[in-house]
Amino acid sequence: MKSRLRKKRYIKRILLLILIIILGFFVFDLYKYQHEKNKFNIVLRYGVEEDVNLILFKYSGKPKNVLNTLNDTFVRELVNKGKAKTKLSLTKSEMKGIETYITEKSIMSYPDKITDETKMDSSIMKSYLIIYLRGHKKTIEWDNLGSGKNYTKEMKNQVKNLDQLELRIIEIIENKKEFK
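Mapping the sequence shown onto numbering that gives the first Met the number 0, position 30 (from 1) lands on 29, and the numbers just tick up by one.
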């Protein structure tokens, strides 16, 4: 009788150990997925500003189109029909291409805001980019209807690089079946 009881306890312990090992693999895979997901991500807001007063050339909102790779979503402006939100994922190679461009152009070192403060008519075409790269977060806002006349050569180059990055990302988005 005692040996049967010992045998049952032994089997229960082995089953518990196997369950713990399986659970450990599951938790490790989940952690690995989250770690990879947080290694590099972007949030890009672009398009015409919300709440635009064209008479006074002022805006009080943010662009309506938003790509968010943190949660794989895209919010698209529907002219006169509001917004539509959809699932949209970028492939590893698309993300790698964006990350490479950001690194090559040293975009993480750009100022947080690149606008011509002397302009009376604030642009209604602004873009906002949030970059999460290797544990660092960078937020950049810029006018993308050309550069201001008071921009330095460096500022003009930064705006050009940001506009090119934005166009690359928009091209990727527009080629996705979820966008169409």
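Yeah, the Cβ is synthetic: ideal placement off N, Cα and C, and Gly gets one too. Please read these numbers as outputs of a predicted model, since none were measured by experiment.
Excluding residues up to 5 positions away in sequence, Met107 lie with their Cβ nearer than 7 Å to the Cβ of histidine 135 in the same chain. Boundaries cannot be given for aspartate 111, as no beta strand (DSSP E) includes it and DSSP labels it neither H nor E. Taking a 10 Å sphere around the C-beta of valine 158, we find 16 or more other C-beta atoms and assign the residue as buried. In chain order, Ile171 place their CB closer than 7 Å to the CB of glutamate 93, counting only its own chain and leaving out the 5 sequence neighbours on each side. Here DSSP, grouped into helix, strand and coil, assigns threonine 90 to coil. When DSSP states are grouped into helix, strand and coil, lysine 176 belongs to the coil group.
Contact check for glutamate 153 against serine 126 fails: the beta carbons are separated by 8 Å or more.
Note that the C-beta distance between glutamate 76 and lysine 82 is below 8 Å.
Arginine 133: not part of any beta strand (DSSP E); DSSP gives it neither H nor E. Between asparagine 64 and tyrosine 45, the gap from beta carbon to beta carbon is short of 8 Å. Judged by their CB atoms, phenylalanine 39 and tyrosine 109 are not nearer to each other than the 8 Å cut-off. As DSSP reads the structure, threonine 72 sits in a beta bridge with Asn67, Lys86. The alpha-carbon separation between aspartate 111 and leucine 87 amounts to approximately 27 Å. 8 Å or more divides the Cβ of leucine 15 from the Cβ of isoleucine 168. Of Phe25, Phe24, Asn156, the smallest CA-CA separation from asparagine 143 is found for Asn156.
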